Amino acid sequence: AGGNGGGDDAGDGGDANLAITFLPKNLGNPYFDTSNAGGEEAIEEFGGTFAEVGPSEASPTSQVTFIQTAAQQGVGGLVVSANDPEAICDALNEARDAGVKVVTFDSDTNAECRDLFINQATAEGIAKSQIDLISEQIGDEGQIAILSASANATNQNAWIELMEEELAANHPNIELVETVYGDDDDQTSFDKTAALLQTYPDLKGIISPTTVGIAAAARYLSTSEYKGQVALTGLGTPNQMREYVEDGTVTAFALWNPADLGYLAAYATKALIEGEITGEEGDSFEAGKLGEYEVGADGVVLLGDPFVFNADNIGDFDF
Amino acid sequence: MHEDASPSAPPALELSRVVKSFGAVVALRSGTITLEEGSIHALIGENGAGKSTLVKIIAGLYRRDAGTFRLRGEEVDFHTTAQSKAAGIAVIYQEPTLFPDLSVTENIFMGRQPTNRFGRIERKAMRAEAQAIFARLGVSIDPDRVTEGLSIADQQIIEIAKAISLDARVLIMDEPTAALSGVEVERLFAVARSLRDEGRALMFISHRFDEVFALCDTVTVMRDGSYIATTPMSETSVAELVRQMVGRDVAELFPKLPAEIGGDLLVVDGLTRTGVFHDISFTVRAGEIVGLAGLVGAGRSEVVRAIFGVDPYESGSVHVDGRPLPKGNPRVAMARGLALVPEDRRKQGLVLDESVSRNITLAIRSSLAKAGLLWGGPENAAAAVWSSRLEVKTASLDAETGTLSGGNQQKVVLGKWLATNPKVLIVDEPTRGIDVGTKAEVHRLLSELAQQGLAILMISSELPEVLGMADRVLVMREGYLTGEFPRSEATPEAVMFAATAEKEGAL
Amino acid sequence: MPRTGNSVTRAAGRTFKARETGILLALIAIIAVATIRNPAFLFSNDGFRDLLLTPSLLLLVAVGQAIVIITRNVDLSVGSVLGLTAYLTGRLFIDLPGIPPILVFVIGVGFGAFLGLINGALVAFAKVPALVITLGTLYIYRGVNVAWAGGDRINASDLPADFRGIGTGQLLGIPFLTIIAAVVLIVAAWYLRNLRSGRELYAIGSDPAAAHLYGLRVTRNVLGAFLVSGALSGLAGVLYAARYGTVSSGAGTGLELQAIGAAVIGGVAISGGVGTVWGAAIGAYLLLTINRALPIVGIEDFWQRAVVGALIIGAIVLDRVLALRQSRKLLEAREVER
Amino acid sequence: MTTTAPETQTVRTYKAHAHPAWRRVLVTREAAVIALLVIVIATAIASVPNFDSPLTVTYLLRDLAPILLIALPMTLIIITEEIDLSVASIVGLTSVMTGILTQAGWPFAIAAITAILVGTVAGFINGFLVTVVGLPSLAVTIGTLALFRGIAVGLLGTTAITEFPEYWTDLAKDNIPGTPIPGIMVPFAVLAIAFALVLHFTPFGRSLYAIGLNKEAAAFSGIDVGRTKFLLFMVSGTVSGFAGVYFTLLYSNARGDNATGMELSVIAAVLLGGVSIFGGRGALHGVIAGVLLIGTLGSALRLAGVTSDIINVITGVLLVLSVVSASFLAWLRSRRISAIGRKKGRSSTAPEPI
Ligand SMILES: Nc1ncnc2c1ncn2[C@@H]1O[C@H](COP(=O)(O)OP(=O)(O)OP(=O)(O)O)[C@@H](O)[C@H]1O
Ligand SMILES: Nc1ncnc2c1ncn2[C@@H]1O[C@H](COP(=O)(O)OP(=O)(O)OP(=O)(O)O)[C@@H](O)[C@H]1O
Ligand SMILES: [Mg+2]
Ligand SMILES: [Mg+2]
């Protein structure tokens with residue numbers, strides 16, 4: 007089955023099938039809109055075909071259909087953010103058997119189901135930056151809560167676990183009272199924030215390590231009596247958070263550049279398709295404007311450290 | 412054109428050679444009637460003669476296929492019942508049509524409630540008016556209660572109240588008295604007469620000749636959808652009307668054959684269901700036809716439904732051929748040899764959207780199956796046997812039963828139950844709405860079956876039918892068994908007395 | 019004014035009204051328990067505000083749904099209608115900068131009414147079951163929404179601040195949204211109780227065949243009921259955009275079952291002819307307040323849906339038991355009359 | 134003491150059918166759905182790249198299997214004029230049960246059977262509320278839809294169970310050797326044949342249609358309407374439970390939100406396949422064709438790069454068109470009949486009344 011794309015640019019792949027499909031957790035998620043735009047930019051640079059498909063709700067079983075379709079279409083590569091580490095595993099492996107290179111980004115699957123994972127930041131790095139931000143904002147003591155995405159999101163759960171360890175080890179006066187799940191749905195996250203503030207009148211801070219969650223929480227706080235009383239930090243995009251940083255609801259939050267993440271994932275996929283790398287530890291490849299990257303243990307490529315946005319620097323970003 | 416009709420005032424309502432058919436069934440061939448103001452006009456005819464169809468055309472519920480319809484001399488063509496209402500016609504339909512979830516008052520005034528300038532319904536005024544009407548009718552019904560659960564008689568009274576409240580020029584009443592007691596009928600008549608004296612035109616449909624003669628000024632007879640004759644009440648007699656209605660002598664309608672009476676096949680003892688019937692005990696023997704008479708609403712259908720197991724009962728027992736029958740289990744009842752031809756064939760007797768073949772074999776489907784599987788072949792074969800035996804008129808066995816005429820539908824129901832090879836056959840209104848010829852056939856069939864040793868319990872609201880067919884007559888009134896007469900003693904007077912008199916005496 | 023009714027029928031009338039009272043008491047009990055556990059549930063500015071605010075959108079949709087159910091129909095497309103109008107609202111502000119919010123309201127409600135009209139026309143004229151039609155339009159409207167929005171979505175920053183103020187602001191401590199919902203509720207309740215066409219809706223649902231016999235305008239009324247349901251979902255869609263600021267193509271998914279649930283809990287019989295919009299409104303408050311109260315009472319988040327399900331079933335079972343008791347009483351009353 | 138055998142001298146003879154066999158088979162709703170399915174498949178093979186690959190068949194049937202399975206009892210339920218909206222929640226609940234029990238160390242087969250029994254119990258609850266308590270099934274199953282889903286989500290909370298014995302997951306995914314057809318089609322085919330036989334060729338099947346068309350007449354014919362419906366709801370729960378176990382294995386994933394919203398897909402397919410929501414009408418081959426039609430259309434369009442939203446629009450339009458066209462045809466027919474009636478009436482010059 008021939009793909010509809012195909013790059014004839016330089017590189018040892020020659021007539022490699024550079025049709026690459028991006029499969030985010032769900033459509034209509036600005037974080038993925040940004041990362042996929044980065045991917046598209048990269049693919050245009052190297053002359054492949056970009057496609058973006060995805061379910062409307064973030065569930066693993068609905069991702070499977072799109073993985074299968076991609077395999078049927080015979081695309082060269084598939085870039086996935088997994089809604090579940092295990093559930094889409096078999097589908098991914100079947101796609102690989104059909105000759106599709108599979109790269110995960112943002113949220114990984116089990117290592118044996120994909121060729122590469124593009125890690126936006128190490129889990130430790132993210133967890134530590136979140137805890138550092140919140141402890142600074144609440145004076146290193148009091149109750150905090152976490153507003154996460156879905157209960158099964160691999161990356162979220164890993165971060166939360168590490169955050170708990172970090173709290174136990176270095177911040178004994180901070181109490182994590184509850185983790186709630188907004189399902190990366192704006193309304194749910196909004197309502198969950200409201201519920202959190204009610205349930206814990208002494209709450210000092212909220213961490214929302216998901217872009218949908220932090221925006222919804224910020225919107226709730228900005229019009230509530232808790233504005234300025236309850237600290238909020240997490241992972242967010244500057245465009246969504248600008249208003250709340252400027253009005254004082256939020257002092258600082260973190261994120262990597264999702265566009266770069268998508269860009270890097272696209273280049274990594276290209277390298278796999280063209281046979282430049284196989285995903286072994288120590289392989290290295292060129293990623294356009296980002297420079298050269300090396301594959302680490304378990305086929306993980308690390309983008310870099312998270313970046314902290316605050317009132318001073320937020321004006322410099324537009325994504 | 413009726414140039415010879417009184418030139419001064421046109422008749423209040425005039426129908427001439429109106430035709431209405433439903434698919435293949437011609438319900439009305441030439442419906443003709445003329446209502447004059449200040450007069451009560453009776454419309455009589457056998458079941459299925461087309462009376463109700465005529466009423467529904469006047470009401471705007473059906474549109475006529477042909478013929479003329481004039482209201483105070485002007486040709487009209489109603490598309491909806493709202494139009495006929497607006498034209499001053501009030502109709503009491505044969506079946507009460509109330510909204511069960513709404514209050515009595517709301518039912519009376521639905522769609523034309525008194526309102527203030529802003530369109531707001533004036534509840535107080537509405538309620539007061541309802542009470543005034545009830546006072547006039549001399550009944551006490553709580554105007555605020557929901558109509559769900561009201562007795563048929565009360566429902567009928569609300570229908571009458573509804574029609575009166577319309578203050579219409581023309582009032583059509585399709586069997587309004589069927590469910591009423593003597594006192595209630597008298598009150599209704601008083602109201603009807605006062606409306607007549609106010610100059611309104613009334614039409615009254617009833618199967619009871621005494622009522623027709625007591626109330627009406629003129630009578631029109633219909634038969635088989637056709638107009639037969641219009642006569643002033645004073646110039647006719649019951650015998651004459653019956654001759655016009657039936658078109659032949661009544662006697663031959665009931666070909667009673669001699670049968671040998673055997674042992675008790677159906678024994679009912681002390682059957683009771685609170686609020687419905689009480690302490691009902693009787694037996695039916697092999698070869699015997701027992702008639703169960705009474706007014707509509709007396710509870711006869713409920714009793715046989717309980718016997719058959721479709722309805723529950725609280726106490727008492729039923730034995731078929733010596734063996735007790737469990738409560739509420741029609742399947743066992745069928746297996747023991749009980750068959751019930753229900754009163755409402757369209758709702759209870761038939762699956763109208765299914766084929767003739769499926770209907771006839773519905774009750775015997777299990778015995779037609781081979782190794783648990785049922786194929787079309789055996790079904791059609793069994794159906795063909797019973798269709799031809801009863802001479803069902805249908806083009807094919809896969810025709811939808813709903814497309815058959817009423818009489819043929821009734822034959823399908825009879826066939827369905829005879830196919831089960833019963834010992835005891837209960838028939839509830841077996842000839843309701845079927846034509847004269849078929850009626851005689853049904854009677855002949857019942858007689859034959861009795862002769863072959865079946866025990867037959869026959870409910871009928873037509874007294875001549877009961878008296879003509881039954882070896883013994885039971886009478887029910889208001890849920891109680893009030894009389895039992897052997898054939899020789901069963902006179903119309905005795906039966907009617909048992910069906911009505913006691914109540915009037917009590918009041 | 020003389021009362022001719024006997025005590026039994028009056029008691030029956032009371033149990034009828036007891037339904038709304040019953041769930042109102044349940045709602046009050048829940049609020050009381052949650053407040054005892056955590057006074058902030060009621061006695062804080064945000065707590066009080068959220069108590070009123072959270073169910074307001076559902077209330078609007080549930081009122082429309084109740085009207086449709088009263089006519090013995092059902093509208094499964096309300097969630098999709100809400101989503102589509104919410105997105106439309108955002109697009110209007112983006113594509114026509116400076117458009118006055120009031121015009122957006124008019125367009126949103128009108129558009130919702132139009133979608134409802136499509137449902138109603140198919141149901142009333144083609145005489146096909148509402149369940150099938152609105153299941154179809156549930157898919158269609160949602161599909162159109164997703165196709166239109168694609169990966170885009172409306173962000174809070176796309177909407178003017180004064181418009182968003184409607185979603186979050188308050189008057190004398192009562193949120194605007196709640197005021198709007200209350201006005202709609204009162205108008206709808208008044209209409210259903212006091213106007214002829216309102217009563218006709220009940221009659222149609224109670225017995226469609228009898229309604230036809232009466233010459234009630236069945237087609238027009240059913241059409242109207244769907245139109246109102248669509249318009250209210252449209253209004254809820256505009257307000258959704260105002261309240262949440264962010265509108266993705268999935269907004270309002272699953273709302274249809276919540277709306278039907280609210281109506282059913284509130285005593286609107288799924289078989290038509292019975293119930294009030296008051297009941298549906300209280301049902302909406304009960305459903306969403308339970309959601310917020312459960313964590314406070316110590317029941318985990320995850321069990322909320324189970325509680326909601328049990329609540330719906332409990333409500334209809336209770337209804338049935340009451341109805342059976344009533345009909346038995348009526349039978350006994352007949353017995354006595356004899 | 135019985136009626137005599139019917140007299141042999143048959144006065145009338147009856148044709149079994151008004152129309153020849155080909156007309157009865159071809160001029161049906163089911164035939165139209167099947168024809169549409171064939172057209173869609175042919176068009177897709179001709180114009181959608183990669184549609185003709187064996188993978189398409191494998192993926193399509195695998196994904197459709199739960200819907201196909203549940204559509205079987207759903208057809209029977211809708212034919213008796215009821216509805217079961219809780220099926221997808223039962224899938225979720227049994228999926229969670231399978232996961233929890235497997236995780237607790239139960240042998241998989243025992244865990245799976247227990248989970249299926251949980252599905253049966255769920256169906257029992259629906260059946261009890263509908264037939265014994267006497268509630269409308271639409272309201273009941275909206276309630277149990279929330280209840281069963283809520284229990285599923287409540288039981289498993291934040292976690293998803295993803296460890297299942299490879300033997301079983303492979304079994305769920307493997308094709309019938311030498312074909313692109315997934316193995317799940319074997320139990321499906323067995324069930325489909327069993328359901329078809331029961332529905333179309335047994336006394337029980339006849340009683341289902343009778344109940345759907347006129348339950349009062351059915352009760353008067355000795356059919357235990359309540360018990361029949363009770364049984365159907367339990368079968369629906371059981372089959373949904375089986376689908377839940379399969380779903381779990383297919384995605385190696387037990388989660389509370391598995392199969393969310395699938396009830397609408399099932400009902401849409403059943404209605405598209407020609408089953409009347411008012412009961413009493415419909416056939417299983419039409420339903421299976423309906424499921425395949427929606428599935429194939431979706432698969433082809435996805436392959437052609439059409440997004441899932443357009444597929445939803447098409448599903449919805451098909452559904453609406455299917456009911457509206459049926460009622461439009463009926464309206465046309467009734468108009469023709471009444472026009473004939475009116476003509477007849479006019480031409481018959483009845484004699485002037487006396
Ligand atoms: N909607 C209908 N479809 C088909 N046939 C009908 C319909 N309504 C009436 N008929 C048939 O038309 C004929 C006349 O019925 P109609 O109800 O007018 O009789 P009726 O004189 O009122 O009888 P009864 O005294 O029993 O009330 C009957 O054969 C009946 O079966
Ligand atoms: N829908 C109803 N609601 C309440 N009571 C009813 C209802 N239908 C009938 N009844 C009551 O049940 C009793 C029996 O009614 P039914 O009409 O079946 O009697 P019947 O003797 O069989 O009359 P028919 O001559 O019509 O066969 C009456 O007391 C009647 O008032
Ligand atoms: Mg009549
Ligand atoms: Mg009767």
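Residue numbers (this note's numbering), protein chains in the order written: chain A, 7 to 325; chain B, 412 to 918; chain C, 19 to 356; chain D, 134 to 487.
Beta carbons: idealized from backbone N, C-alpha and C, even for Gly.
Please read these numbers as outputs of a predicted model, since none were measured by experiment.
Proximity of residue i and residue j at Cβ, strictly below 9 Å
| i | j | result |
| --- | --- | --- |
| residue 696 (chain B) | residue 673 (chain B) | yes |
| residue 164 (chain C) | residue 445 (chain D) | yes |
| residue 82 (chain C) | residue 248 (chain C) | yes |
| residue 469 (chain B) | residue 439 (chain B) | no |
| residue 813 (chain B) | residue 773 (chain B) | no |
| residue 355 (chain D) | residue 288 (chain D) | no |
| residue 825 (chain B) | residue 853 (chain B) | yes |
| residue 83 (chain A) | residue 267 (chain A) | no |
Residue closest to residue i, alpha-carbon to alpha-carbon, out of the options
| i | options | result |
| --- | --- | --- |
| residue 556 (chain B) | B:817, B:512, B:567, B:594 | B:512 |
| residue 292 (chain D) | A:172, A:203, A:168, A:187 | A:187 |
| residue 127 (chain C) | C:41, C:246, C:44, C:298 | C:246 |
| residue 225 (chain A) | A:216, A:205, A:246, A:209 | A:246 |
| residue 118 (chain A) | A:153, A:99, A:240 | A:99 |
| residue 827 (chain B) | B:760, B:652, B:447 | B:760 |
| residue 95 (chain C) | C:278, C:292, C:180, C:288 | C:278 |
| residue 648 (chain B) | B:624, B:870, B:767 | B:624 |
Own chain, CB closer than 8 Å to residue i, minus 5 neighbours either side, in chain order
| i | result |
| --- | --- |
| residue 173 (chain D) | 426, 429, 430, 433 |
Chain-order list of residues whose beta-carbon lies under 7 Å from that of residue i (same chain, five-residue window excluded)
| i | result |
| --- | --- |
| residue 306 (chain A) | 123, 125 |
| residue 129 (chain C) | 103, 106, 252 |
| residue 607 (chain B) | 449, 450, 451, 613 |
Residue i burial status per 10 Å Cβ neighbour count (16 or more: buried)
| i | result |
| --- | --- |
| residue 300 (chain D) | exposed |
| residue 350 (chain C) | exposed |
| residue 294 (chain D) | buried |
| residue 804 (chain B) | exposed |
8 Å contact criterion, which residue i and residue j should meet: CB distance rounded
| i | j | result |
| --- | --- | --- |
| residue 367 (chain C) | residue 102 (chain C) | Beyond the ends of chain C as shown, which are 19 and 356, falls residue 367 (chain C); an answer cannot be given. |
| residue 223 (chain C) | residue 88 (chain C) | 5 Å |
| residue 298 (chain C) | residue 284 (chain C) | 4 Å |
| residue 211 (chain A) | residue 238 (chain A) | 7 Å |
| residue 263 (chain D) | residue 391 (chain D) | About 25 Å separates the two Cβ atoms, so there is no contact after all. |
Distance cut-off 8 Å: residue i Cβ against heavy atoms of ligand 5
| i | result |
| --- | --- |
| residue 240 (chain C) | In terms of ligand content, the structure shown lacks ligand 5 and carries ligand 1, ligand 2, ligand 3 and ligand 4 instead. |
Nonlocal neighbours in the same chain, by C-beta distance under 6 Å from residue i, ignoring five residues either side
| i | result |
| --- | --- |
| residue 214 (chain A) | 153, 220, 223, 240 |
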